[in-house]
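Colleague: Starting off with a structure, shown below.
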Amino acid sequence: MANGDAFEDAVRRAAATPSLDIGCHLVLIQGRSLLSGRELPRTWKELLRATARRELDIYHELRAQVEKLVDAGITPSHFDTHKHTHVLPNVFSAVVRLAKEFAVPFIRLPFDTGWLPVWP
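Be aware that the sequence shown starts at 0, since it is given in numbering that gives the first Met the number 0, and climbs by one per residue.
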């Protein structure tokens, strides 16, 4: 979680274990925006309201989180989202777009089927 309190510690631990695959856990609920510094929506209902009102720039918020991870020297092996918000079509399309842009080969699905390859 690039906007999480333990980000620096996680980066340090990842550097100490270079063989470990590291994913980017993207956050749109229950955290702070990397773009504005404001609190993100606390619940699904608040997230739906914020996206309907266009109060949250989903793509750019998630991009800022991926960039922070990459800037810290981590190449993500996969993406997933906090509280599975990528089941929402507008969030999923942003996550897929970012996966292609950053050459991240997998998005973890919140179902028992596992992983979705996003490019050949």
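C-beta: ideal position from N, C-alpha, C; glycine also.
No experiment lies behind these values; they were computed from the predicted model shown.
Taking only three categories from DSSP, how would you classify R37?
Modeller: Of the three classes helix, strand and coil, the one that applies to R37 here is coil, per DSSP.
Colleague: Classify I106 as helix, strand or coil using the three-state DSSP reduction.
Modeller: DSSP places I106 in strand when its eight states are reduced to three.
Colleague: How is the beta strand (DSSP E) around L25 delimited, first residue to last?
Modeller: Unbroken beta strand (DSSP E) run through L25: 22-25.
Colleague: Just checking: is the beta-carbon of V10 within a distance shorter than 8 Å of some beta-carbon in chain C?
Modeller: The chain inventory of the structure shown lacks chain C, comprising one protein chain alone.
Colleague: Taking three-plus beta-carbon pairs below 8 Å as touching, is the segment 32-39 in contact with the segment 87-102?
Modeller: Output reads no: the segment 87-102 does not touch the segment 32-39.
Colleague: What number of angstroms, rounded off, separates the C-alpha of A15 from the C-alpha of E7?
Modeller: The straight-line gap from Cα to Cα measures roughly 13 Å.
Colleague: For a test of the three-state rule: what should DSSP assign to T42, helix, strand or coil?
Modeller: Here T42 sits in coil by DSSP.
Colleague: Return the bridge partner residues of H77 from the DSSP annotation.
Modeller: Bridge partners of H77: G22, F105.
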